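Undergrad: In the working numbering, the protein residues as written are 1 to 499. All C-beta atoms in this analysis are idealised placements derived from N, C-alpha and C, irrespective of residue type, glycine included. Predicted model, so just to flag it, every value in this text is computed and none were measured. Structure in structure tokens, see below.
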Amino acid sequence: MPRHPNTLFLSAACLAALLASGPLCIAGELQCAPVFGDHAVFQQAIAVPVWGRARPGARVTVQFAGQSKSTVAGNDGRWKVALDPMAADALDSLREAPKGRTLAVASELDGEEARRTFSGILVGEVWLCSGQSNMAAKVRHNHANQDPKDNLLESNFPAIRHISAPDGWRMAVPGSVGEFTRVGFCFARKVHRELKVPVGLVNACRGGSRIESWMRVPPDGLPGAEAGKKKVTYGGLYRERLAPLVGYGMRGALWYQGEANASEGHTYFLKMEAMIADWRKSWGPGDPSTGSGRDFPFYFVQLAGIGRSPDDNPAMGDGRARIREAQRRALGITNTGMAVAIDIGGEKEHPANKVEVGERLAHWALHHDYGRSEIAPSGPLYTRCRIEGATIRIFFDHAQGLMVARKENYAPPVPAPDAGIPWLSIQGRDGTWHWAEGRIDPAAGSGLAADTLVVSGKGVEDPVAVRYAYTNRPVGPLLYNSGGLPASPFTTEASYEKP
1 MPRHPNTLFL SAACLAALLA SGPLCIAGEL QCAPVFGDHA VFQQAIAVPV WGRARPGARV
61 TVQFAGQSKS TVAGNDGRWK VALDPMAADA LDSLREAPKG RTLAVASELD GEEARRTFSG
121 ILVGEVWLCS GQSNMAAKVR HNHANQDPKD NLLESNFPAI RHISAPDGWR MAVPGSVGEF
181 TRVGFCFARK VHRELKVPVG LVNACRGGSR IESWMRVPPD GLPGAEAGKK KVTYGGLYRE
241 RLAPLVGYGM RGALWYQGEA NASEGHTYFL KMEAMIADWR KSWGPGDPST GSGRDFPFYF
301 VQLAGIGRSP DDNPAMGDGR ARIREAQRRA LGITNTGMAV AIDIGGEKEH PANKVEVGER
361 LAHWALHHDY GRSEIAPSGP LYTRCRIEGA TIRIFFDHAQ GLMVARKENY APPVPAPDAG
421 IPWLSIQGRD GTWHWAEGRI DPAAGSGLAA DTLVVSGKGV EDPVAVRYAY TNRPVGPLLY
481 NSGGLPASPF TTEASYEKP
């Protein structure tokens, strides 16, 4: 059975912000937040908030799944109720959806009544999808370059649902699924197949957007150099796209952004840390009735490879090396996960292969949130290093079956044991970087608990640091684990502000 330690609910402060943020669905003088609609998905196993506005003093009654909850609208007309936790709807087939149930909302004051109903609502898992163009890209976009063996436009999973303002909820069926976020849909499809429960996606994206626009206020601790840059507006997209959704019951958030901040390093980490904390605060301190905490899952995509990388610079550090390192270090934030995409990039900004991006995000959710411990959440992630004479030993998490492999397009990586490990460099004590050689040291026979990588460089007798794939787009063989998931680029240096 799925675990439910991290679900979101509506706090009073967030309700006030939401109701002030934009228009609501209206039936007479009874209003419901726009995220409620036909074919919606409610989050299972938590109290489900339903809110809106009515005439001040009106009695509002909400009915769903045999429950009836009533409240009185305040002096400002705001009202909110919470439905009791519910189990996910059972699915007899992934190709068919249950009829769903009707959410009925009614208000009464001085003999005058207003009603609003929404039909076909399911209970399952709900995830927020946010970021810029690579998350905003729809299933129908760039269709000619998709895997011909997996025609997403013909998908028929009616219990997977999607909402993106101003559109209402859509079902993942031919003729409709093309409007879904492609990354989000591929995530949902993987979760749906594994758990066999309805999945809802709440889309809040904007192409070209910077991270600052999704933050209400600047983070503390930004270096002075940041102040001299072109002024950046904070909070615009938070208010426009996110605030109307704050409080809707969800499992967690998926984030694919960074291209608009690609020149940054540690400053991006600081912004990401502050944004995650702020979003969690916005959704409230948790639900005491279920033990839900505010640290809801936040899973993000490390930027894919792009363009070409010079092969004559062992220091690397070009292009997007530093922001990827900032993203990798964001894994130190509580309850986060990162889908590595270094192996599926291309010459241009928007890699076509978003199927594996979505599925790699799903690995994190399945492993950490749904009790599927047999599913590796990630490829190898650097954790620490140890200098051993003229070599440096690299330790990883999730490195079972560490191997060198080649990947082409949508095909799984193919082991290449004789290929060597390119894009690996070592730094001597004099500060000079040199191309390095790597030797995989399997756990079996090494006396260590997991597979490690031993790195050395010709003529480097006193090494101090290692970099791997620390460049814009490392092509050729790369490191993977036995599950076919790629290792994240990394540097062992404490500071990564300099190229």
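1) Can you look up residue 197 in the DSSP assignment and give me helix, strand or coil?
2) By a C-beta neighbour count over all protein chains shown, 10 Å radius and 16 as the cutoff for buried, is residue 330 buried or exposed?
3) Could you name the residues of the same chain whose beta carbon sits closer than 6 Å to that of residue 433, not counting the 5 residues immediately before and after it, in chain order?
4) Can you name the residues that DSSP bridges to residue 203?
5) Starting from residue 355, follow the alpha helix (DSSP H) in both directions and report where the run begins and ends.
6) What is the DSSP secondary structure of residue 68, reduced to helix, strand or coil?
7) Return the bridge partner residues of residue 428 from the DSSP annotation.
8) What residue range does the beta strand (DSSP E) around residue 149 cover?
9) If the criterion is Cβ atoms closer than 8 Å, does the pair residue 251 and residue 67 meet it?
10) Closest to residue 406 by CA distance: which of 396, 397 and 422 is it?
11) Between which residues of its own chain and residue 498 is the CB-CB distance below 6 Å, once the five residues before and five after are set aside?
12) Going by the DSSP bridge assignment, what does residue 327 pair with across the sheet?
13) Taking all protein chains shown into account, decide if residue 504 is buried (16 or more other Cβ within 10 angstroms of its Cβ) or exposed.
14) How many whole angstroms separate the CB atoms of residue 489 and residue 342, which I take to be in contact at a CB cut-off of 8 Å?
15) I'd like to confirm the pairing. Which residues does DSSP put opposite residue 498 in its beta bridges?
16) Skipping 5 residues on each side, what residues in its chain have a beta carbon closer than 6 Å to that of residue 172?
17) Cα separation between residue 359 and residue 190?
18) Figure out for me which residue from 276, 310, 387 and 163 has the closest Cα to the Cα of residue 337.
19) Any beta-carbon of chain D closer than 8 Å to the one on residue 458?
20) Where DSSP assigns a beta bridge to residue 433, which residues make up the other side?
21) Inspect the CB distances between the region 231–249 and the region 295–302 and report whether three or more fall short of 8 Å.
22) For residue 214, which of helix, strand or coil comes out of DSSP?
23) At a cut of 8 Å, does the region 347–365 reach the region 385–396 through at least three beta carbon pairs?
24) At what residues does the beta strand (DSSP E) containing residue 80 begin and finish?
25) Measuring alpha carbon to alpha carbon, tell me which of 72, 124 and 85 ends up nearest residue 41.
26) Evaluate the contact criterion for the region 49–63 versus the region 136–146: three or more CB pairs, one atom per stretch, below 8 Å.
27) So, with DSSP's three-state summary, where would you put residue 322?
28) Restricting to Cα atoms, I'd like to know which of 76, 194 and 69 is closest to residue 103.
29) Pick from 112, 327, 485 and 254: whose alpha carbon is nearest that of residue 267?
30) What residues in its chain sit with their C-beta under 8 Å from that of residue 463, if we drop five residues either side in the sequence?
31) Looking at the structure shown, is residue 413 part of a helix, part of a strand, or coil, going by DSSP?
32) Residue range of the alpha helix (DSSP H) that residue 273 falls in?
33) Just checking my contact of residue 322 with residue 264 at CB under 8 Å: how many whole Å lie between their CB atoms?
34) Closer than 8 Å is the cut-off here; do at least three beta carbon pairs connect the region 175–184 with the region 198–210?
35) How long is the line joining the alpha carbons of residue 99 and residue 169, rounded to whole angstroms?
36) Let me know if residue 289 comes out buried or exposed under the rule of 16 or more other beta-carbons within 10 Å of its beta-carbon.
TA: Let's see:
1) coil
2) buried
3) 314, 315, 425 and 427
4) 129 and 164
5) 355–368
6) strand
7) 463
8) Residue 149 -> no beta strand (DSSP E), and no H or E assigned at all.
9) no
10) 422
11) none
12) For residue 327, which the question treats as bridged, DSSP gives no partner whatsoever.
13) With the chain covering 1 to 499 only, the question about residue 504 has no answer from this structure.
14) 6 Å
15) Residue 498 pairs with nothing; no bridge assigned.
16) 155, 157 and 160
17) 6 Å
18) 276
19) Absent from the structure is chain D; it holds one protein chain and no more.
20) 427
21) no
22) helix
23) no
24) 78–83
25) 124
26) no
27) helix
28) 69
29) 327
30) 387, 390, 391, 392, 426, 427, 428, 429, 455, 456 and 457
31) coil
32) 266–282
33) 7 Å
34) yes
35) 15 Å
36) Because residue 289 sits at a pLDDT of 42, beneath the cut-off of 50, its placement in the model cannot be relied upon, and the following sentence gives the value as read from the coordinates. Result: exposed.
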